[in-house]
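A quick write-up on the structure given underneath.
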Amino acid sequence: MDRFYLLDASFCPSVNQGRNPIFSSSPERAVASQMTAFTAALQTCAGRSFHRYDALHDFSVREYRTFWRCFLQWSQGLAWSGSPDPVCVGDDCEHARFFPNLLLNYADNLLGLEVAGPDAPALTACHADGRPEHLTRGELRERVARTAHALSQLGLREGDRVVAVMRNDAEAIVAALAVTALGATLSTAAAEMSVETLLDRFAPLAPRLLLAHTTQRAFDTGIPLADNVAKLAAALPSLQGIIQLDDGGLPASVSQPVHTLADLIGRGDAQQFSFQRFPFNHPLFIMFSSGTTGKPKCIVHGAGGTLLEHLKEHRLHSDLRPGDRMYFHTTCAWMMWNWQLSALASGTEIVTYDGPIATVDALWRLVADERVTVFGTSPAYLKMCEDAGLVPGQQFDLGALRAMMSTGSVLFDAQFEWVRDHVKALPLQSISGGTDILGCFVLGNPNLPVYAGEAQCKSLALGVQAWEHGAPTSGIGDLVCTNPFPSRPLGFYGDANGEAFHKAYFSANAGVWTHGDRIEFPPEGTARLHGRSDGVLNVRGINVGPGEIYRVLRDIPEIREAMVVEQRARTAPPDRTHAERYEQRMVLLLVLQDGVALTGALAARVRRDLARRASPTHVPDRILAVPALPATHNGKLSEAAARNAVNGLPVGNAAALRNPECLDAIRNHPALNLAARELPAPGSSREQLERHLQALWERLFDFAPIGRDDNFFDLGGHSLLAARLLADVHQSTGRTIPLATLLFTPTIAGLAAAIDEAASPRLAPNLVPVRGGTGAPLFLVHGASGSVMECWGMVNALRTTRPVYGLQARGLDGEQPTQRRVEDMAASYIEQIRTLQPGGPYALAGYSFGGLVVFEMAQQLTRAGEQVELLCLLDTYVGEQFLPWRTWMHYCWNYPGWQWRKLRAVPAAQRLRYLRYALSRAAEGVGMRRGRLTCRPDAFTESLPPALRQVRETIGRAMTTYHPRPYHGGPVLYLRAAVRQQRGDPLTLWRRVALRGLTIAEVPCSHFDLVQEPNLQAVAAILDEGLAGT
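Sequential numbering of the sequence shown, starting at 1, is according to UniProt numbering.
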């Protein structure tokens, strides 16, 4: 066939001359694409010519058996045996089965050495601390084979089910591929998910093994991972073992055998392992529905269908090939993790990242540093970058980046323009499908132009259409697929007769897959998504089922009814040159019990409970109290009607509702348009100032209404939000308000009084009242942040009637110089507390680093002849070099083991680089112990405002250089949390220096959760006893 004729056919679809594409591929790129190469092969196989992509797609749908046979044989490096005949048994989508006589191994095909050699790069795993790991295809294949061999020795077999709670790192990939290499079935979840949410997914599977990360990281929140894993294991009676993916520990309560991945790799023998081939339709992954109407459904995906569909999407639609480096920002709970994993089968190197987005530009930095060629992200992240004013194309070297993908929610027109104008001119592919098919219905095409707001094309061999009322429509309709396809799930686990599977996808249109999305297909053959057609919410790329939210809210007695819907909110007015800008929000509508109002405290509880019992993804963007929720005449709540009202749209059939009048209250609720609301001027009166501050608070917290007496900290405020708020106050009023002001005036009314220079306590610069009372005060010293705001909840949980004052670090205001020695801080703080309490006895407490300061304060006060009635250290650590000799030697003995286990996990070719990194960090530690500040702050510290960053860095230096000496004063009370990994146990030192005794009270939580829910009551009770002398 004439090469130029093929190019013309592929590259030039029917174009609406009234619209211009936002990007067009070059003819040279189209000629060289794998889409063009496969089209030529299919033409030879079928004896047909395809003048245009729509002709190619129509044939692939109509003659899907020919298409899939040709693709199977064309795909380089695809290893299989048996017969490709018959290609498909059955003609209806619901019951058809592909390649029943074909055998393959999913992991073997991902790690094959024909498509790319053993020295080709396979994996780069980036960590939150900046340390990368690199594996070649040969190294990854050997590591997987060794792990699989060791797992087989533990008895893991074909058909066994394995569940995983993992971070997105190299260990997760090795373990996952080893499980699939044995023919076992894998289900994955993210490390931040709660036990309740995990059990909804994993309990029905009766898994044999659990894979889990257990080491707590600084950015982790909530229950420690090890405790979460222990609770999960205890609730899974079928579990026969746990595979730890890192070097963290597990509680002694765990009854199952525990193995580490490092040990499995060490004792496995790659030479004795062979990649056995299994039937094409053997179960590979079990994914999960979102739980709209109940617990999530367990969706079983076959190995062959998953592999073929991903190969088609990666090679043809994405043009992935050896030499590409793809990074898709995802967690192990999202199908895009599985999707990216399969890119290994195309010879592509995949890049992973296991940390938080500490700064807005973090992912662009990763893309630049790792020379990523294909970057997968979400509309939410692009919106975040736009709001932050980023210009990634100027700020980073993106020369290697050739394409971007976006999924998870609707990518709007303006975001295509933002990428073109602020990143670079490249194909931005809006891809959409779902967990249900573990693939895409609409996606990119290297030969076609890109139109803003639209996916480039329908996926080959998938008969995707828009239907309305059971028939095709030229407008917006339900997304359906009319023909059989290999990646259709095998069914739901535990759904023996297929009834639930039929109801989910085939009951609306017999024999036709009905997906649950709304879609339209413009004349160019592109696709425009319009969100979900059911109640499922899509939050930052993750489907969230309202049922998971409602289960948590049922336990809050103030709530009578609840409904959660999506709002498509316009964030900027349109003009003649730019498309309208929208973002998607989760809106929670609450009907409260009689006499109950939606206060800041109640809203804070809703957010806190959802984050703790479900996940942060389940926390709504807006919480609205409404008189009633729309319901049909038979009493069923109508989410569609509420969603239309929230979005300002007409309700299609109001007569079907028994209370349509409630829609006006929802539609006109003022909290739905906070961003668009004009900020009232501060004015000249107290009332006007309070209205201005209320608008600032509502914009800051993205929640309304906020009352004048609602507490800043109950709403979720912390030191960073306080800094942002007071910066806004300075900009609008000209007044500079100290950060500590919010500690003693944490309400709109109190802040207005402070701005108006009403009477406020005249104290030393860093001594602030936290809680009122009578009697001698408790003085509380800040932790590493420099502020006592993190202890607000704990202070308010105290039952004592004594007042509490906080001591904050010098330098928080950016004006005072910081202090670099604990001894200097202690002397300064003593001088300040004496302005309030000239003589003892003193009550002192300090959280974390603050414990070192109050210990030194007690030393200096005792030497001055003063009495200290309470000295309380809240989980305070010391520099390991100051530990007693035996503890120091124990730490030194174990430290090489910790580092050795890390080093063993690094490929041989990368160990020198890792050693250089480790030595540089060690050198910085030595420098800090000698009084120097770190020259390379961590990602979190780097993201802080300059004043807070300076305070944090100087406190870090002070922490490493302070040597506690013997204390001759009264007994010391020590609150102990779980021992932190890779830190020396400080209790041996505190026992030695507390000459008159050390009282230890244990709280079973992590160090960082000691001053967070649900541990506040326990910690406060211990402090109350200490203050009472009991």
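Even glycine gets a Cβ: it sits at the ideal position worked out from N, Cα and C.
Taken in chain order, the complete beta strand (DSSP E) segments of 3 or more residues contained in the region 793-819 are 804-807. DSSP lists 537 as the bridge partner or partners of residue 544. Residue pairing for residue 994: DSSP places it in a beta bridge opposite 967. In this structure, 395 is the residue among 287, 395, 766, 78 with its C-alpha nearest to the C-alpha of residue 360. When secondary structure is reduced to three states using DSSP, residue 231 falls in the helix class. Going by DSSP, residue 166 is part of no alpha helix (DSSP H) but of the beta strand (DSSP E) stretching over 161-166. When rounded, the separation of the alpha-carbon atoms in residue 509 and residue 470 is 6 Å. The beta carbon of residue 164 sits closer than 6 Å to those of 188, 211, all from its chain and outside the five residues before and after it, given in chain order. Under the criterion of beta carbons closer than 8 Å, residue 868 and residue 842 qualify as touching, at roughly 5 Å. Short of 8 Å from the beta carbon of residue 248, and not among the five residues preceding or following it, lie these beta carbons of its own chain, in chain order: 213, 214, 215, 216, 225, 226, 981. Of all alpha-carbon atoms in 157, 424, 946, the one lying nearest the alpha-carbon of residue 179 is that of 157. In the three-state reduction of the DSSP assignment, residue 855 falls in the helix class, which pools H, G and I. Per DSSP, reduced to three states, the secondary structure at residue 353 is strand.
Counting only runs of 4+ residues, the alpha helix (DSSP H) found wholly inside the region 386-442 occupies 392-395, 413-422, in chain order. Restricting attention to 626, 692, 693, the CA atom closest to the CA of residue 661 is found in 626. For the region 114-173, the continuous alpha helix (DSSP H) assignments of 4+ residues that do not extend past its boundaries occur at 137-153, in sequence order. Note that the C-beta distance between residue 280 and residue 154 is not below 8 Å. Distance from residue 170 to residue 275 at the Cβ level is roughly 20 Å; contact not present, criterion being Cβ atoms closer than 8 Å. Here residue 1026 has 870, 872, 973 as same chain residues with Cβ atoms under 7 Å from its own Cβ, once five neighbours each way along the sequence are excluded.
For residue 995, the CB contacts under 7 Å within the same chain, skipping 5 residues up- and downstream, are 966, 967, 968 in chain order. Following the DSSP letters along the chain, one finds residue 708 in no alpha helix (DSSP H), marked with neither H nor E. Bridge partners of residue 450 according to DSSP: 23. The Cβ atoms of residue 184 and residue 201 lie no closer than 8 Å to each other. Residue 773 and residue 1023 have their C-alpha atoms some 16 Å from each other. Around the Cβ of residue 463, a 10 Å sphere holds 16 or more other Cβ atoms; the residue is buried.
Residue 515: member of the beta strand (DSSP E) spanning 513-520, first to last residue. Under the three-state reduction of DSSP, residue 481 is assigned to strand.
Between residue 142 and residue 270, the C-beta spacing is below 8 Å.
For residue 752 against residue 686, the beta-carbon gap comes to about 6 Å, under 8 Å, which counts as contact. Under DSSP, residue 258 shares a beta bridge with 242.
Between the alpha carbons of residue 998 and residue 561 lies a gap of roughly 51 Å. Boundaries of the beta strand (DSSP E) harbouring residue 301: 298-302, taken from the DSSP string.
Taking a contact as a CB-CB distance under 8 Å, the pair residue 71 and residue 312 counts as one, their CB atoms being some 6 Å apart. Going by DSSP, residue 326 is part of the beta strand (DSSP E) stretching over 325-328.
Beta-bridge partners assigned by DSSP to residue 566: 586. Residue 839 counts as exposed, since fewer than 16 other beta carbons sit within 10 angstroms of its beta carbon.
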